[in-house]
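Since the structure comes first, as structure tokens, the remarks are kept for the end.
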Amino acid sequence: MLQFLVDVLIRTSDIMLVAVGLSVVYSLVRFPNVAHVQYAMLGAFATLGLTRAGLPFALALAGSCAGIGLVAVVLNTLVFRRLLRSGSSIAMIGSLAISMILIAVVLGVAGSRPWRYAPTLSSPLQVGTTVISIDQLTSIACGVGCIGLLAVLLFRTNVGRSMRAMSSNPALAAATGVDGARVLNGITFLSGVLAALGGTMLGLTETVHVGLGSNLLLPVFAAAILGGLGNPLGAAAGALLISIAETLVTNVDFGWVVGGSDVYVPVTYVSAASFVILLVALLFKPYGIFDREVRRV
Amino acid sequence: MSAILRLHDVCKSFGGNHVLTGLNFQVYAGEIVGLLGPNGCGKSTVLNAITGYCAIERGVIEIDGAAVNGLAAHRIAERGVRRTFQLPSMPARMTVMETVMAASVRAHGLMSTLAGWGATRRIERETRERAAHLLDELLLTKVADLPAASISGGQKKLLGIACALMGHPTLLLLDEPMAGVHPNLRAELVTTLKRINGQGVTLVIIEHDMHFIAETCSRCVVLDKGRTVADCLPAELESHESVVEAYLGRKSPLNHQAAGTPA
Amino acid sequence: MSSFVLHVATLGCIYALLALGLNFQAGFAGLLNFGFVVFAGIGAYASAILSSHGYPAPIGIAIGVVVAMAIGCAMAGLGRNLAADYWAIATLAVAELIRTVALNEDWLTGGAQGISGVRPLFPARAGAGGDLAFFALALAMTAGAYLLYARLSQGRFGRAIRLMREEPALATSFGYRLVPLKIKATMAGAAVASIGGSLLAHYMSFVGPDYMLASETFAVWTMVMIGGLGNSRGVVLGALLVEAIYSAVPFAKDYFDIGSDIAGAVRVGTIGCALLACLLLRPGGMIPERIRSPR
Numbered sequence: 000m001l002q003f004l005v006d007v008l009i010r011t012s013d014i015m016l017v018a019v020g021l022s023v024v025y026s027l028v029r030f031p032n033v034a035h036v037q038y039a040m041l042g043a044f045a046t047l048g049l050t051r052a053g054l055p056f057a058l059a060l061a062g063s064c065a066g067i068g069l070v071a072v073v074l075n076t077l078v079f080r081r082l083l084r085s086g087s088s089i090a091m092i093g094s095l096a097i098s099m100i101l102i103a104v105v106l107g108v109a110g111s112r113p114w115r116y117a118p119t120l121s122s123p124l125q126v127g128t129t130v131i132s133i134d135q136l137t138s139i140a141c142g143v144g145c146i147g148l149l150a151v152l153l154f155r156t157n158v159g160r161s162m163r164a165m166s167s168n169p170a171l172a173a174a175t176g177v178d179g180a181r182v183l184n185g186i187t188f189l190s191g192v193l194a195a196l197g198g199t200m201l202g203l204t205e206t207v208h209v210g211l212g213s214n215l216l217l218p219v220f221a222a223a224i225l226g227g228l229g230n231p232l233g234a235a236a237g238a239l240l241i242s243i244a245e246t247l248v249t250n251v252d253f254g255w256v257v258g259g260s261d262v263y264v265p266v267t268y269v270s271a272a273s274f275v276i277l278l279v280a281l282l283f284k285p286y287g288i289f290d291r292e293v294r295r296v
Numbered sequence: 000m001s002a003i004l005r006l007h008d009v010c011k012s013f014g015g016n017h018v019l020t021g022l023n024f025q026v027y028a029g030e031i032v033g034l035l036g037p038n039g040c041g042k043s044t045v046l047n048a049i050t051g052y053c054a055i056e057r058g059v060i061e062i063d064g065a066a067v068n069g070l071a072a073h074r075i076a077e078r079g080v081r082r083t084f085q086l087p088s089m090p091a092r093m094t095v096m097e098t099v100m101a102a103s104v105r106a107h108g109l110m111s112t113l114a115g116w117g118a119t120r121r122i123e124r125e126t127r128e129r130a131a132h133l134l135d136e137l138l139l140t141k142v143a144d145l146p147a148a149s150i151s152g153g154q155k156k157l158l159g160i161a162c163a164l165m166g167h168p169t170l171l172l173l174d175e176p177m178a179g180v181h182p183n184l185r186a187e188l189v190t191t192l193k194r195i196n197g198q199g200v201t202l203v204i205i206e207h208d209m210h211f212i213a214e215t216c217s218r219c220v221v222l223d224k225g226r227t228v229a230d231c232l233p234a235e236l237e238s239h240e241s242v243v244e245a246y247l248g249r250k251s252p253l254n255h256q257a258a259g260t261p262a
Numbered sequence: 000m001s002s003f004v005l006h007v008a009t010l011g012c013i014y015a016l017l018a019l020g021l022n023f024q025a026g027f028a029g030l031l032n033f034g035f036v037v038f039a040g041i042g043a044y045a046s047a048i049l050s051s052h053g054y055p056a057p058i059g060i061a062i063g064v065v066v067a068m069a070i071g072c073a074m075a076g077l078g079r080n081l082a083a084d085y086w087a088i089a090t091l092a093v094a095e096l097i098r099t100v101a102l103n104e105d106w107l108t109g110g111a112q113g114i115s116g117v118r119p120l121f122p123a124r125a126g127a128g129g130d131l132a133f134f135a136l137a138l139a140m141t142a143g144a145y146l147l148y149a150r151l152s153q154g155r156f157g158r159a160i161r162l163m164r165e166e167p168a169l170a171t172s173f174g175y176r177l178v179p180l181k182i183k184a185t186m187a188g189a190a191v192a193s194i195g196g197s198l199l200a201h202y203m204s205f206v207g208p209d210y211m212l213a214s215e216t217f218a219v220w221t222m223v224m225i226g227g228l229g230n231s232r233g234v235v236l237g238a239l240l241v242e243a244i245y246s247a248v249p250f251a252k253d254y255f256d257i258g259s260d261i262a263g264a265v266r267v268g269t270i271g272c273a274l275l276a277c278l279l280l281r282p283g284g285m286i287p288e289r290i291r292s293p294r
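Chains as they are written, first to last, in numbering that gives the first Met the number 0: chain A, 0 to 296; chain B, 0 to 262; chain C, 0 to 294.
This is how it looks when you write it as structure tokens:
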């Protein structure tokens with residue numbers, strides 16, 4: 000049971016930060032930015048590069064987050080804002096192009112093999128029959144800590160209030176004196192930071208490889224859509240739901256369905272769980288499970 | 000005479016805003032009825048409700064005796080109802096001619112399009128001819144080959160009417176047809192609408208332009224705060240107490256004049 | 000050298016089929032399908048599975064078309080209430096789901112290994128003769144698809160879907176039912192893509208779950224956008240161009256002896272840059288859609 004909980008928490012923290020980053024910026028940009036998951040991949044590699052350059056892990060992480068945040072702002076200003084003038088579909092396809100370019104850069108520089116951060120020789124902790132490594136603990140703690148900080152930022156500071164105002168109604172917010180460009184850049188920077196953080200954590204618990212972002216695409220979108228795009232804390236809840244579903248699907252004995260025992264869903268189908276959840280969510284609750292408004296879809 | 004359109008006790012709110020509060024009126028076959036009222040009285044909402052673009056919360060809307068509230072917009076269109084939009088948005092990658100042709104109801108299916116049977120080609124030709132005729136009636140022939148989004152706002156209004164007429168409607172609802180249209184065209188538009196009416200199409204027109212109403216409509220229904228406050232001839236509008244009150248407020252000098260009390 | 004040119008031309012025709020199908024769905028009907036390649040994958044698997052059980056090739060192609068159209072129908076049905084970009088993500092999910100099934104169900108699809116040894120279409124002519132015959136077939140299919148879509152995009156059906164693409168509220172006021180239109184447009188695109196997939200399976204003598212990777216859909220999207228969304232001639236040109244780049248890279252890799260990772264990076268990067276440049280500078284594509292009235 001505890002192992003189940005640990006597995007769920009690990010998986011949640013894997014996708015949560017990236018999903019929250021996506022959600023935070025969506026209500027301002029209004030198009031699904033498929034390059035966002037590649038920011039996570041880029042962040043993981045940036046941290047890798049900085050650690051290899053001799054920086055301690057924490058500093059490398061900070062540098063990576065700042066760098067990716069900057070990249071996000073630059074790309075948004077130079078590319079996405081221009082493309083959005085032609086419509087959100089063009090912007091989405093543009094984000095596709097950016098994804099391809101980012102993958103190409105990393106592939107060319109770092110190759111296609113998986114990397115690890117400086118090997119940690121600490122032995123995994125053991126509580127009863129469940130095993131958890133220091134890296135996994137770090138990842139979970141980081142994720143939970145960040146969400147807590149984000150909640151404080153959004154709900155207790157003036158900056159956060161401006162951000163929430165702009166998310167729900169940019170025109171009105173601008174009319175009441177909120178500086179649109181600064182808040183947009185701030186939110187974009189934040190989403191980049193969260194993506195880089197999430198990517199590094201994922202690289203910590205698994206490996207750093209060029210396909211890291213693409214593998215995250217559907218689970219992250221599923222989590223963000225479940226929580227309601229534009230609702231960052233909802234995205235965290237969505238991530239939790241997705242990981243519970245994924246962990247359940249592969250750990251539950253479905254013998255009772257077919258009248259046998261030891262019938263498990265193959266591990267390779269685990270990703271299918273989040274795809275099915277996404278489809279069901281889009282069919283019945285496209286605005287997220289926390290949506291209370293009645294809207295014509 | 001039976002009512003081609005009947006609204007009974009129709010209510011609709013948007014959040015806390017009660018737009019329609021028990022609306023009643025009828026339109027009989029062959030009439031041209033004007034729908035008037037100050038801004039915010041619910042005119043566009045009525046049009047949207049009748050044509051299936053918004054759902055009402057209470058009440059009944061009947062077309063030809065059959066209840067239509069709750070039906071999807073295309074189902075209502077299938078019953079011979081056509082409408083225009085107050086701010087018409089026209090496609091940018093289709094020409095004016097194509098847009099009007101698209102409004103035709105003469106269907107030929109996917110397979111017959113592929114095969115290009117003789118019947119399909121004949122229907123295409125007849126559709127094109129009717130479209131050209133309507134464009135000519137509404138003075139749009141010059142712009143027939145331009146992208147529909149590139150013509151002026153007034154021309155888009157006229158295009159909307161041409162499209163609506165392609166569908167051989169029995170009931171046509173027009174949302175502020177004169178707004179944005181050049182005053183010189185008003186006489187032409189009035190003549191065209193009267194001619195259409197003579198051919199058997201019932202018209203319901205939302206308008207602010209009083210001259211237009213006076214020249215075109217056989218009857219006026221005035222709305223205020225979501226309900227009918229007057230149902231009279233155009234000539235009676237100016238002196239009707241409720242109408243003046245709706246537009247100008249209770250303390251209007253006109254009202255006092257009509258009632259005979261000093262200002 | 001000439002066999003290389005023939006190879007590029009044949010693959011170009013096959014991808015042109017996919018590009019034409021996507022162009023119909025996305026360019027004419029405005030349906031942003033990001034899981035498009037799954038239709039080609041279904042055609043490829045149908046042909047491979049059925050021919051390995053001894054059925055003649057046309058049967059495999061036909062079954063592929065039917066199944067692909069059914070999946071297309073389901074995808075379009077999903078779009079009943081969804082805005083365009085949400086639907087794009089849903090199609091991505093459907094495609095990944097089907098790819099996961101193909102990856103796992105060894106008994107049907109050969110799992111990750113795929114199905115190899117798919118019988119060639121012209122066993123009587125071996126070698127260059129067979130290749131030439133295949134190219135002729137692929138070219139004929141491409142021409143046929145081009146004419147098919149030219150017919151469909153004019154006429155009432157074409158006007159209906161193009162109107163739905165830009166002004167759905169207006170289309171509804173004329174009495175059009177949008178969901179059946181979306182379903183028909185999706186099915187029309189899926190059928191041609193499936194034929195392309197079947198041809199690919201016979202040409203490469205192989206089919207695997209990698210045929211249905213999201214990156215394949217993105218490649219087809221690039222062909223369509225660069226060529227010109229909504230213009231059939233443009234997308235055929237786009238398909239040839241992208242396919243030429245794709246094929247040139249491994250060629251250059253062998254010639255210049257570059258590492259395979261670098262080669263892969265150059266491939267993806269060039270396509271990405273081309274797509275981005277196209278979107279920023281010439282969003283209509285090389286040959287943008289023609290707007291003209293029917294004669």
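No residue lacks a Cβ here, since even glycine has one placed at the ideal position from N, Cα and C.
Any C-beta of chain C under 7 Å from that of residue i
i: alanine 103/A; result: yes
i: histidine 239/B; result: no
i: glutamate 128/B; result: no
i: isoleucine 14/A; result: no
i: serine 26/A; result: no
i: arginine 82/B; result: yes
i: glutamate 292/A; result: Reliability fails at glutamate 292/A, whose pLDDT of 46 lies under 50, so the model's placement of it is uncertain and no value is given.
CA nearest to the CA of residue i, picked from the options
i: phenylalanine 173/C; options: Arg82/B, Glu136/B, Glu214/B, Thr169/B; result: Arg82/B
i: leucine 277/A; options: Ile70/C, Ala25/C, Ala92/C; result: Ala92/C
i: leucine 47/A; options: Phe188/A, Ala164/A, Ile131/A, Arg115/A; result: Arg115/A
i: threonine 191/B; options: Glu214/B, Asn38/B, Leu137/B, Gly153/B; result: Leu137/B
i: alanine 213/C; options: Gly40/C, Gly26/C, Gln24/C, Phe27/C; result: Gly40/C
i: serine 340/C; options: Ala144/C, Ile182/C, Gly268/C, Phe121/C; result: Residue 340/C is absent from the model: chain C starts at 0 and stops at 294.
i: aspartate 307/C; options: Gly86/A, Leu4/A, Ala109/A; result: Residue 307/C is absent from the model: chain C starts at 0 and stops at 294.
Extent of the continuous alpha helix (DSSP H) run through residue i
i: aspartate 260/C; result: 259-280
i: phenylalanine 3/A; result: 1-28
i: valine 93/C; result: 83-103
i: arginine 218/B; result: Unbroken run through arginine 218/B is the beta strand (DSSP E), 218-223; no alpha helix (DSSP H).
Cα-Cα separation, residue i to residue j
i: proline 146/B; j: arginine 232/C; result: 21 Å
i: glutamate 165/C; j: alanine 91/B; result: 8 Å
i: threonine 119/B; j: glycine 71/C; result: 27 Å
i: lysine 11/B; j: valine 59/B; result: 12 Å
i: histidine 6/C; j: glycine 195/C; result: 15 Å
For residue j and residue i, believed in contact at Cβ under 8 Å, the rounded distance
i: valine 251/A; j: valine 269/A; result: Not confirmed; about 12 Å, so no contact.
i: isoleucine 160/C; j: glycine 227/C; result: Isoleucine 160/C to glycine 227/C, Cβ: 18 Å. No contact.
i: phenylalanine 188/A; j: valine 72/A; result: 5 Å
i: glutamate 245/A; j: alanine 272/A; result: 5 Å
i: valine 66/C; j: alanine 45/C; result: 6 Å
Proximity test, Cβ basis, 7 Å: residue i and chain A
i: tyrosine 85/C; result: yes
i: glycine 233/C; result: no
i: valine 267/C; result: yes
i: threonine 99/C; result: yes
The ligand ATP heavy atom lying under 6 Å from the CB of residue i
i: alanine 276/C; result: As for the ligand ATP, it is missing from this structure, which has no ligand bound.
N- and C-terminal bounds of the beta strand (DSSP E) containing residue i
i: leucine 34/B; result: 31-35
i: asparagine 184/A; result: Careful: asparagine 184/A lies outside any beta strand (DSSP E), inside the alpha helix (DSSP H) at 179-204.
Contact with chain B by residue i, beta-carbon distance below 7 Å
i: leucine 162/C; result: yes
i: phenylalanine 27/C; result: no
i: glycine 174/C; result: yes
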